[in-house]
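One structure is given here, and the rest of the page talks about it.
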């Protein structure tokens, strides 16, 4: 705690300043920030905050009574990466577009572009899209943008798909493939899809309802932050090749470095800038998707362009050939494991808790393997507290799709202390 | 105009008689492997910086596979040849020599799964007018993963 002693004086000033200039409302959120500190140091009569900028961070309410939803989904990790191959089912050309692990949202536009490109070589006027999760619906809309008439055949629309049970951040490299089965060429394809998608998401920034937006994300720790290096565990001699599932983090493809030039990187915050009740903080800007408005945006465009939606299910891929469209793009995600009998699709369970939306607290935090992110439809809570050393292995092979409330409540308990007034203020 | 040309291949034997050269297709093997290899090298230095090392394109720059080739379906190769020659590369339009343009075109055909033949593609717009670009449909490609 000795490291806080030097801030005593400036914090008194800061408090005085905020009380005087911004009033009681600002005092409620007196979690400090760099701008407040600077104002305190420069003059007695600071200007009001610039439009759109908050003077301080509002604490996120994390008590269990704020929990309004629990969701669980299975990421479709496919060992070799997404299936973008094609095959004939009788007289019907089927292009696959499934198996995007934890990267379906993030790669949706780029992956759609690749799949539609293949479909277009058959010169169709109309196509069918099977599945209406984020991959299916995006594929349908992009195909319309390319001039095709599109019908979606799906059991549910996107709101009831597994995609809606994701957390919805731009994480294009999350459980996207295993390095060995995917092979060295996969990196180029991944990068192409990630860059294409990034540009497409950029076109959604600033739209009403904020289907896509950026938020500051803070990584907090009690000890100096260190970049974790994952080395293969020599004691584990088996692997996906022998067991059919990955057995350790190092088997996964890690590709994020390839787009480092466009994705914001983290910066360490000084003590003055750190508004949390914890010793160390880094900040990065992260893009995320607001499910409700994003789905609304895509569905509005889909139907606006004359898209048709047919509610139905498929028991076998042979039924694809019964459709009137002779070019089909198949986008059923995890369901493809059974439908296509593709056992290389491995379930990776993910659970999210959702707190009451708190738009005034427009940021995210990560502390002790608990992650919070304030989004339009709620504050999403994720945790990896039971096995923090598992890395990408968390949830692998687990197809239990029911949520466990106790896990989320435990996560909230762990992260709650960071929103307490900073210790350093107690003596101020 | 394009519609007119489209109708030509089917009617050509009737309209033009046996002596006129009939239209052919890129599916018949209209470039040589050697020419396409030379084109790949040119592509790497003159085109790849915009269209991507693997012709993948970007969100802003057209890729040169699948969608590209579908967009040029049934168009005489001369139109693409002339376009490349006069408008590409964007930063130095008109800087490709005719035989360079033909090599790059041969490479684009090869990269789009079009079969090679014995003869190189002629660097001659008039000769290319009778070759229609036709995509190799994914329907014709064996199951891929």
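Protein chains in written order, with this note's numbering: chain F, 669 to 1096; chain B, 1133 to 1277.
A virtual CB, placed ideally from N, CA and C, is assigned to each residue, including glycine.
Please read all numbers here as calculations on a predicted model, not as lab measurements.
- The criterion of a C-beta distance shorter than 8 Å is not satisfied by residue 1206 of chain B and residue 1159 of chain B.
- Where residue 756 of chain F is concerned, the enclosing beta strand (DSSP E) starts and stops at 754-757.
- According to the DSSP assignment, residue 1178 of chain B belongs to the alpha helix (DSSP H) that extends over 1165-1178.
- Cβ-Cβ separation between residue 951 of chain F and residue 934 of chain F: approximately 6 Å, consistent with a contact (criterion under 8 Å).
- Using beta-carbon distances, residue 929 of chain F does not count as an interface residue toward chain B, since no partner is under 8 Å.
- Leaving aside the five residues that flank residue 1170 of chain B on each side, the residues in its chain whose CB is nearer than 6 Å to its CB run, in chain order, 1235.
- Within chain B, the residues placing a beta-carbon under 7 Å from that of residue 786 of chain F are 1198, 1270, ordered along the chain.
- Excluding residues up to 5 positions away in sequence, 1082 lie with their Cβ nearer than 6 Å to the Cβ of residue 1036 of chain F in the same chain.
- Our two residues, residue 855 of chain F and residue 861 of chain F, have alpha carbons roughly 10 Å apart in a direct line.
- Nearest C-alpha to residue 1246 of chain B among B:1154, B:1155, B:1156, B:1163: B:1163.
- Across the structure, residue 1248 of chain B and residue 1239 of chain B are spaced so that their CA atoms are roughly 10 Å apart.
- For the stretch 723-751 of chain F, the residues whose beta carbon sits under 7 Å from a beta carbon of chain B are, in order, 748, 751.
- Taking C-beta separations shorter than 8 Å and ignoring five residues to either side along the sequence, the partners of residue 921 of chain F in its chain run 749, 841, 844, 845, 846, 847, 850, 854, 855, 858, following chain order.
- Residue 1039 of chain F and residue 1032 of chain F have their C-alpha atoms some 7 Å from each other.
- For the 8 Å CB-CB criterion, residue 798 of chain F and residue 768 of chain F do not form a contact.
- Residue 1215 of chain B: member of the alpha helix (DSSP H) spanning 1209-1219, first to last residue.
- For residue 1011 of chain F, the closest of F:1027, F:1065, F:1059, F:1020 by C-alpha to C-alpha distance is F:1065.
- Judged by DSSP secondary structure, residue 744 of chain F falls within the beta strand (DSSP E) whose first and last residues are 735-746.
- Identification of chain B residues near residue 860 of chain F by a Cβ-Cβ cut-off of 9 Å yields 1184, 1186, 1188, 1189, 1190, 1195, ordered along the chain.
- Along the stretch 847-912 of chain F, the beta strand (DSSP E) occurs as fully enclosed runs of 3 or more residues at 880-889, listed in sequence order.
- Within the stretch 1243-1273 of chain B, the residues whose Cβ lies closer than 8 Å to any Cβ of chain F are, in chain order, 1267, 1268, 1269, 1270, 1271, 1273.
- In this structure residue 1255 of chain B is in contact with residue 1230 of chain B, their Cβ atoms being roughly 4 Å apart against a cut-off of 8 Å.
- Straight-line measurement puts the Cα of residue 1026 of chain F at about 19 Å from the Cα of residue 832 of chain F.
- Within the same chain, 1228, 1233, 1236, 1237 come within 7 Å of residue 1216 of chain B by CB-CB distance, once the 5 residues on both sides are set aside.
- Among the CB atoms of chain F, none fall inside 8 Å of the CB of residue 1176 of chain B.
- Counting C-beta atoms within 10 angstroms of its own C-beta, residue 898 of chain F has fewer than 16 neighbours from the protein chains shown and is therefore classed as exposed.
- In the three-state scheme derived from DSSP, where H, G and I count as helix and E and B as strand, residue 957 of chain F is classed as strand.
- Within the same chain, Cβ atoms closer than 6 Å to the Cβ of residue 758 of chain F are found at 989, the five residues on either side in sequence being excluded.
- The beta carbon of residue 1194 of chain B lies closer than 8 Å to those of 1183, 1200 in the same chain, with the five residues before and after it left out.
- Against chain B, the beta carbon of residue 796 of chain F has no neighbour under 7 Å; the closest one sits roughly 15 Å away.
- For chain B, the residues of the stretch 835-866 of chain F that bring a beta carbon within less than 7 Å of one of its beta carbons are 856, 860, 863, 864, in chain order.
- Around the beta carbon of residue 875 of chain F, fewer than 16 other beta carbons lie within 10 angstroms, which makes this residue exposed.
- If you draw a straight line from the Cα of residue 985 of chain F to the Cα of residue 822 of chain F, it comes to about 13 Å.
- The beta carbon of residue 1229 of chain B does not come within 8 Å of any beta carbon belonging to chain F, so the residue lies off that interface.
- For residue 732 of chain F, there is no enclosing alpha helix (DSSP H), as DSSP marks it with neither H nor E.
- Here residue 980 of chain F is exposed, its C-beta having fewer than 16 other C-beta atoms within 10 Å.
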